[in-house]
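In the UniProt record's numbering, the protein residues as written are 1 to 239.
This is the structure:
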């Protein structure tokens with residue numbers, strides 16, 4: 001799912017009523033896809049702009065890459081352990097496709113591991129950053145094929161199999177799984193997932209989370225925005 005599909009226009013006339021934002025089915029899965037696409041699209045530029053004496057920028061780039069790969073790993077584990085067995089049982093006609101997706105997860109994990117090695121080289125020696133940027137672009141194209149298959153062939157069937165109130169694939173379920181798997185912390189994960197999403201949609205998505213998460217969200221969002229502003233050359237929200 002492209003990021004803009006989770007964005008709702010926020011600017012309206014003073015007398016217009018903003019319609020209620022409908023929840024997005026399988027928002028947790030879709031948000032991971034959107035965030036992966038977003039960052040893999042801008043990482044090559046950040047690599048090419050990396051200066052030889054910018055140790056702070058290089059370290060930030062490496063940290064963000066490590067975070068991205070950790071989120072991908074948890075996403076794959078969520079699907080392999082929870083989602084694919086469900087589909088094998090209730091949608092046996094998808095078994096061959098599900099088997100291929102699971103195998104492709106392993107292939108993608110190996111590709112990301114190799115790219116992690118390249119990223120470490122590039123952040124230590126920015127002179128080698130350009131070929132690494134091309135490698136990230138190739139990886140993004142490789143991942144895009146996988147994501148589109150899931151979105152176009154798997155998610156529509158899930159919508160038919162699962163009732164609307166199911167937690168499978170929701171943002172709340174994803175955050176719970178990250179906690180159980182000792183993955184990236186909720187503040188970083190949630191801020192990363194919701195970056196660029198319109199305020200109205202964020203409010204609807206936070207309704208899937210616990211009250212403490214919803215209350216702490218504004219602080220988490222502000223901290224995250226400051227941390228990544230220099231990395232991407234953006235201005236933090238509210239400044």
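All C-beta atoms in this analysis are idealised placements derived from N, C-alpha and C, irrespective of residue type, glycine included.
Keep in mind that this is a model prediction, so the values were computed, not measured.
Straight across, the Cα-Cα distance linking residue 61 with residue 55 is about 10 angstroms. Taken through DSSP and simplified to helix, strand or coil, residue 111 comes out as helix. Exposed is the label assigned to residue 121, since fewer than 16 other Cβ atoms lie within 10 Å of its Cβ.
The DSSP-derived three-state label of residue 145 is helix.
When only Cα atoms are considered, residue 165 and residue 125 end up about 50 angstroms apart. The beta carbon of residue 220 sits closer than 7 angstroms to those of 187, 190 and 191, all from its chain and outside the five residues before and after it, given in chain order. In its chain, beyond the 5 residues on either side, 62, 65 and 132 have a beta carbon closer than 7 angstroms to the beta carbon of residue 119. The three-state secondary structure of residue 233, taken from DSSP, is coil. The alpha-carbon separation between residue 171 and residue 202 amounts to approximately 11 angstroms. The three-state reading of DSSP puts residue 195 in coil, since its state is none of H, G, I, E or B. Residue 158 sits buried, since 16 or more C-beta atoms from the chains shown fall within 10 Å of its C-beta. Collapsing the DSSP output to three states places residue 49 in coil. The beta-carbon separation of residue 214 and residue 206, rounded to 4 angstroms, stays under the 8 angstroms limit for a contact.
In this structure the segment 64-84 touches the segment 34-44; the number of beta carbon pairs closer than 8 angstroms is three or more. Out of 86, 92 and 173, the CA that lies nearest to the CA of residue 31 is found in 173. DSSP places residue 162 in the coil class of the three-state scheme, outside both helix and strand.
With fewer than 16 other Cβ atoms inside 10 Å of its own Cβ, residue 185 counts as exposed.
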